[in-house]
Every structure is written in structure tokens, then in C-alpha cells.
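The block underneath contains the structure these notes are about, expressed in C-alpha cells.
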Amino acid sequence: MIVSADADVCDLYVQVFRFNRIAAIGVNHADAAAALGRDTPIAAILFDVVTAHDWAACEAITTTDRLAAVPVVVLTAWVAADGRFRRRVEEIGCAAFISKPCAPDLIVSTVERVRRGERGIEIITIT
Numbered sequence: 024m025i026v027s028a029d030a031d032v033c034d035l036y037v038q039v040f041r042f043n044r045i046a047a048i049g050v051n052h053a054d055a056a057a058a059l060g061r062d063t064p065i066a067a068i069l070f071d072v073v074t075a076h077d078w079a080a081c082e083a084i085t086t087t088d089r090l091a092a093v094p095v096v097v098l099t100a101w102v103a104a105d106g107r108f109r110r111r112v113e114e115i116g117c118a119a120f121i122s123k124p125c126a127p128d129l130i131v132s133t134v135e136r137v138r139r140g141e142r143g144i145e146i147i148t149i150t
């Protein structure tokens with residue numbers, strides 16, 4: 024499941040995952056709770072963090088009982104030299120941190136890694 028406040032971002036990543044033969048749905052923050060309430064199994068969540076509000080929405084999802092075992096990958100441009108955003112991702116229970124911009128194939132491979140059980144992944148890209 025891809026969660027983003029931007030419908031175009033959702034559509035883009037849904038297409039990227041489908042191109043890689045991975046089923047994906049895209050939802051905005053408001054619809055995420057409803058999507059989580061369905062009986063459809065969720066193997067991983069890619070959460071696009073753009074604003075400060077997005078951090079709170081991401082944390083709310085990571086603390087949902089139904090998702091305790093579902094790995095969350097945070098994709099964000101919030102990167103600091105002191106590592107505070109990477110630490111925040113770890114503190115709220117996310118499996119991986121990916122900085123933007125990032126090549127789609129690296130995003131897909133990171134989601135695959137967390138689906139296999141890997142945690143504590145940090146991908147920092149430098150442009």
C-alpha cells in the first residue's frame with residue numbers, strides 16, 4: 024500500500040510496483056484508515072512523508088493494532104546531518120528510511136527487503 028497526500032505520487036508508485044509485478048494500491052492519508060480496515064492483506068506500506076502533518080499520520084498508522092507486523096517504509100526529503108529524521112523513523116517503528124530523490128528500482132528493492140523481514144534499512148541518496 025502506498026500512502027501519500029499527493030494523488031499523482033500514489034499513481035506513480037502504484038504503476039512502478041505493478042510494472043515490477045507487485046500488487047499495489049494507493050491511498051491518501053484520510054483513506055488509509057479505511058484501506059487498513061479491509062480484509063485485504065497488506066504486506067508492506069510505502070509512506071510518502073512531505074509535511075509535518077505526514078509524520079503524525081505515519082505514526083498513527085504504525086501504531087494501529089492491525090498493522091503491528093506490517094513493515095512501513097518511509098520515503099521523504101526530510102534528511103538532516105544529525106540523523107534526527109532517521110531516528111524518528113526508527114522510534115515510531117518503521118522498517119526503513121529512504122531519502123528523496125531516489126530511483127524507483129531502489130524503492131521497490133527496499134520494499135521487497137522489508138517484506139522478507141529485514142529491518143533498520145537506511146537509504147540516503149545524494150544529488
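Numbering (our numbering), first residue to last: 24 to 150. Backbone N, C-alpha and C define an ideal beta-carbon position, used for all residues, glycine too.
Residue burial classification, residue i (beta-carbon count within 10 angstroms, cutoff 16)
i: His52; result: buried
i: Asp77; result: buried
i: Phe42; result: exposed
i: Arg44; result: exposed
i: Pro64; result: exposed
i: Arg109; result: buried
i: Ala55; result: buried
Short Cβ contact (9 Å threshold) for residue i with residue j
i: Val96; j: Val50; result: no
i: Val131; j: Phe120; result: no
i: Leu129; j: Ile146; result: yes
i: Asp34; j: Val73; result: no
i: Ala79; j: Met24; result: no
i: Pro124; j: Thr148; result: yes
i: Ala66; j: Arg136; result: no
i: Cys81; j: Val37; result: no
Reference residue i, options the options, closest by Cα
i: Thr99; options: Thr85, Ala79, Ala92 and Phe70; result: Phe70
i: Gly140; options: Cys81, Val93 and Val26; result: Val93
Spatial distance of residue i from residue j (CA atoms)
i: Arg142; j: Ala118; result: 5 Å
i: Thr87; j: Arg61; result: 13 Å
i: Phe40; j: Ile68; result: 12 Å
i: Ala47; j: Val32; result: 13 Å
i: Ile144; j: Ile84; result: 19 Å
i: Arg103; j: Ser122; result: One point to set straight first is that residue 103 is Ala, not Arg, in the sequence displayed. Answer to the nearest angstrom: the Cα atoms are 10 Å apart.
Below-9 Å beta-carbon distance, residue i vs any chain C residue
i: Ala119; result: Although the question refers to chain C, the structure presented lacks it and comprises just one protein chain.
Check: residue i C-beta below 8 Å from any heavy atom of the ligand SAM
i: Asn43; result: The ligand SAM is not part of the structure shown, which contains no ligands of any sort.
Beta bridge counterpart(s) of residue i as assigned by DSSP
i: Val50; result: Val26
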